[in-house]
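Protein chains in written order, with our numbering: chain U, 1 to 623; chain B, 1 to 237.
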């Protein structure tokens, strides 16, 4: 493969690719991101391949497997270019029809279109779907149109345009200045200004410096970094090369968890292609700047997302944090100055360099610029990945983009920031989402997890869930984090099982405070957030569990009481048959026998809910 | 020497030294369990918490891992610090309620009762044994296994510590005395690591004076004459 040795050669190469491609050629793009993968996109791809090879007109059509489009709820997604017709929930058996009707005859298949959940109106074009319409996809937008394993696709959509601009027309200082002016803040959770970090690393003593991409995303329910790395790995690489040039580093690492196999593969392919094209390696684009990237695969420990633990893990040590009174930018990997940024932060860099800091800083709020990708999950109609400008309200995200809460249930809270974040109640739904507002509300931006909860979610249970996660994922080095998370989980278990006392609420608060204050790293420092934020906004639920032994959301099993409403009971006996613990007695009514209404022995009841499920007459009451 | 202030008292520390060591040297008491000056500070027990004011910002941190810096002000006895330390010792006491030293420390720090479910562990997971074994002895015989609440100090795969030279350094540094050593005439056993090693006999007096592997390790490290370690300490002097 030919090396590209100058910006002119890169432009030449780009125009050759574009010239070779007919913009009007029909192209079927199938989303093969994580969500669509789970809903069977590969069978769809195979079906399309067969349809196209069987038909004489098939050769005319391009089939492209892309990264995640974001609208995971409706996967597998198929978008037909050039008109951008969106078909959702496509099955392999639809492929023949899509080809024959839409591609050959230009007819739209109504049944595969997305229907607006409120109006039922069918929407043909991807851009008109409200889920996409309200987003601002400057980082994530190309995911849907490029094949992540093709560097040509990335170059064709304008990729690697920021790189020559940075390497050949800007000084390292100017790059740092640009990123500082753009006020790009770290997307991994901390929100530290990237430009300031780069500057410190540049100024740090030492010849050898490293840049690292943190792709150790481990929050339950969050998958935006994964999808970026899977769907557009070159954008992350381009950002890293520019950053490395600014900082003065010649070696880089992508630290990615091995549990993300597709991300590992795709970033590996991207690195290989960039090397072959001369975009990594010696004398990149004739600038004299050398830089190369290696992959370091993580074992999937949540704590390895913490910077000092990550650096230890890259070096082959146990992934345990250390006290960071000397910052990584001065002494990080192998005691050399090390600059660590998250996947999304790196992907923002080419956009800033290409469009300028002024353009970038116009997006967002006073303290938080640009866009943020969130993984919108939980009790929301349109689950998926959304990229929105900073400052958008939670209401817009949940209702306008997310399409509201399914099943006419009531919105209760949004959990942001993953296990280190907190729950934001309904009263704050008009909160503008940015780094500072979320922190003020007792939560945090985190890496961008957003879990929507409705009235059927118990907040004690939510806190318990996260504490269970954290007590397992704490590295266990320091007493406060290891014992603190364990004890908070223990107390929450007591409360959810009806053994809680009011004193334990105070103990939770005291322990939460001490864990946050005393812990060595930010895993422990933020670990109490799920407890403290639910206590702040949903204290009444804790009190209800403790004083009334009741869980209104009907989640905490030990507190549930099942009862047969004798006036409704038809004495069919289905509940008694379904009960695995023989806790239900009564006599079945038949034509010949007078039945006895069924009753549940609460001593024997294991609160599994089988009776409730089995009753066709709604005669089982849960309290 | 770097000058700074602890509890209003001017002190000085060597560059690269830590706040806890300087405080202890100056006679300022700060409770600690996982600190030992022969190994690198680790910051596990969180008992040596202090408040450090640096460039106008105050933060709570472990003093053992805080490097001495000019113009910092350290406060070791603020209400905030004492409150956090009390919680730490209460958590440790809940792990190891039977340990005399922990009981005494808790009492001194004003902890009257344990509000958590009591466990019956003996090890406080400070890691001193493994750190001495790594950094001082160089045998790397034991290490932490697992993470979170399952963390445990153990020989490889929970079996015999096959790299252990039975030197007993871990026995000496353990702050809660749970690593026991047994010497029987010609062999020594480190019970916790399931390791038994034959003792070496002094060529002069005929007494068993040190475990074989330890002598070999020293011979490798010390760069002395080959037969130096054939004789026991008493006969050598």
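All C-beta atoms, glycine included, are put in the ideal place defined by N, C-alpha and C.
- With a threshold of 16 other CB atoms inside 10 Å of the CB of residue 185/B, please say whether the residue is buried or exposed. Burial call: exposed.
- Tell me, please, whether the segment 200 to 207 of chain U touches the segment 319 to 332 of chain U by the rule of three or more beta-carbon pairs shorter than 8 Å. A contact exists between the segment 200 to 207 of chain U and the segment 319 to 332 of chain U.
- Do we get a CB-CB distance below 8 Å when we pair residue 532/U with the residues of chain B? No, because no Cβ of chain B sits closer than 8 Å to the Cβ of residue 532/U.
- So what does residue 143/B bridge to, in DSSP terms? 154/B.
- Query: From the beta carbon of residue 474/U, is the nearest beta carbon of chain B less than 8 Å away?
  - Reply: Answer yes: the Cβ-Cβ gap between residue 474/U and chain B drops below 8 Å somewhere.
- Looking at C-beta atoms only, is the number of pairs between the segment 222 to 234 of chain U and the segment 435 to 449 of chain U that lie closer than 8 Å three or more? Short answer: they touch.
- Query: What is the DSSP secondary structure of residue 130/U, counted as helix, strand or coil?
  - Reply: DSSP places residue 130/U in the helix class (H, G or I) of the three-state scheme.
- What are the residues of the segment 152 to 177 of chain B that lie near chain U, defined by any Cβ-Cβ distance shorter than 7 Å? Taking 7 Å as the Cβ-Cβ cut-off against chain U, none of the residues of the segment 152 to 177 of chain B qualify.
- Looking at the unbroken alpha helix (DSSP H) that takes in residue 37/U, where does it start and where does it end? Segment 34 to 38, the alpha helix (DSSP H) holding residue 37/U.
- Query: Going along chain B in order, which residues have a C-beta closer than 9 Å to the C-beta of residue 58/U?
  - Reply: Within 9 Å Cβ-Cβ: nothing; residue 58/U doesn't reach chain B, min ~53 Å.
- Flag this pair as yes or no: are the beta carbons of residue 179/U and residue 166/U separated by less than 8 Å? No, these two residues do not count as a Cβ contact at 8 Å.
- Message: Can you tell me whether residue 258/U is buried or exposed? The criterion is at least 16 other CB atoms within 10 Å of its CB, across all chains shown.
- Response: By the neighbour-count criterion, in which a residue is buried when 16 or more other Cβ atoms sit within 10 angstroms of its Cβ, residue 258/U is exposed.
- Message: In chain order, what are the residue ranges of uninterrupted alpha helix (DSSP H) at least 4 long that sit wholly in the segment 340 to 384 of chain U?
- Response: Listed in chain order, they are 343 to 355 and 357 to 361.
- Message: Does residue 140/U come out as helix, strand or coil in the three-state DSSP assignment?
- Response: If DSSP states are grouped into helix, strand and coil, residue 140/U belongs with coil.
- Can you pull the DSSP bridge partners for residue 184/B? Per DSSP, 187/B.
- Task: With DSSP collapsed to three states, give me the class of residue 626/U.
- Result: Here chain U covers residues 1 to 623 and nothing more, so residue 626/U does not appear.
- Test: residue 80/U CB closer than 8 Å to a CB of chain B: At a cut-off of 8 Å between beta carbons, residue 80/U makes no contact with chain B.
- Residues bridged to residue 200/B [DSSP beta-bridge criterion]: The partner list for residue 200/B (beta bridge, DSSP) reads 210/B.
- Does the segment 95 to 102 of chain B touch the segment 136 to 144 of chain B, meaning 3 or more C-beta pairs lie closer than 8 Å? The segment 136 to 144 of chain B makes no contact with the segment 95 to 102 of chain B, as fewer than three CB pairs between them are under 8 Å.
- Task: Using a threshold of 8 Å, state whether the C-beta atoms of residue 598/U and residue 571/U are closer than that.
- Result: Closer than 8 Å, so yes.
- If we count the other Cβ atoms within 10 Å of its Cβ and call it buried at 16 or more, is residue 176/B buried or exposed? Using a 10 angstroms sphere on the CB of residue 176/B, the tally of other CB atoms reaches 16 or more, which defines it as buried.
- Item | Selected residue, minimal CA-CA separation from residue 255/U, among 207/U, 308/U and 283/U | Among 207/U, 308/U and 283/U, the Cα nearest to that of residue 255/U belongs to 308/U.
- Message: Applying the 10 Å Cβ sphere with the 16-neighbour rule, what's the burial state of residue 547/U?
- Response: Exposed: under 16 other Cβ atoms inside 10 Å.
- Task: Show which residues of chain U have a CB atom less than 9 Å away from the CB atom of residue 99/B.
- Result: Within 9 Å Cβ-Cβ: nothing; residue 99/B doesn't reach chain U, min ~14 Å.
- Should residue 149/B and residue 486/U be called a contact, given that it needs their Cβ atoms to be closer than 8 Å? Contact flag set, yes.
- Message: I need the boundaries of the beta strand (DSSP E) containing residue 587/U, first residue and last residue.
- Response: Start and end: 584 to 587.
- Item | CB contact below 8 Å: residue 570/U versus chain B | Output row for residue 570/U: interface = no.
- Would you mind reading off the limits of the beta strand (DSSP E) that contains residue 599/U? 596 to 600 is the span of the beta strand (DSSP E), which, as asked, contains residue 599/U.
- Item | Minimum Cβ-Cβ distance from residue 69/U to chain B less than 8 Å | No, because no Cβ of chain B sits closer than 8 Å to the Cβ of residue 69/U.
- Between residue 401/U and residue 134/U, which are expected to be in contact by the criterion C-beta below 8 Å, what is the C-beta distance as a whole number of angstroms? Residue 401/U to residue 134/U, Cβ: 5 Å. Contact.
- Query: Buried or exposed: which applies to residue 489/U, given that a residue is buried once 16 or more other Cβ atoms fall within 10 Å of its Cβ?
  - Reply: Of the residues assessed, residue 489/U falls on the buried side of the cut-off, its CB having 16 or more other CB atoms within 10 angstroms.
- Hey, residue 66/B and residue 18/B are a contact pair by Cβ (cut 8 Å); roughly how many whole angstroms apart? Beta-carbon to beta-carbon, residue 66/B and residue 18/B are separated by about 6 Å, close enough to satisfy the 8 Å threshold.
- Message: With a threshold of 7 Å on Cβ separation, who are the neighbours of residue 186/U within its own chain once the five nearest residues in sequence on each side are excluded?
- Response: Around residue 186/U: 192, 194, 341, 342 and 345.
- Taking residue 619/U and residue 551/U to be in contact with their CB atoms under 8 Å, please state how far apart those CB atoms are, rounded to whole angstroms. In this structure, residue 619/U and residue 551/U do not form a Cβ contact; the two beta carbons are roughly 22 Å apart against a cut-off of 8 Å.
- What does residue 49/B reach in chain U if we use C-beta pairs closer than 7 Å? Neighbours of residue 49/B across chain U, judged by C-beta separation under 7 Å: 518.
- Item | Top-ranked residue by Cα proximity to residue 110/B, from 79/B, 127/B, 36/B and 122/B | The residue with the shortest Cα to Cα distance from residue 110/B is 79/B.
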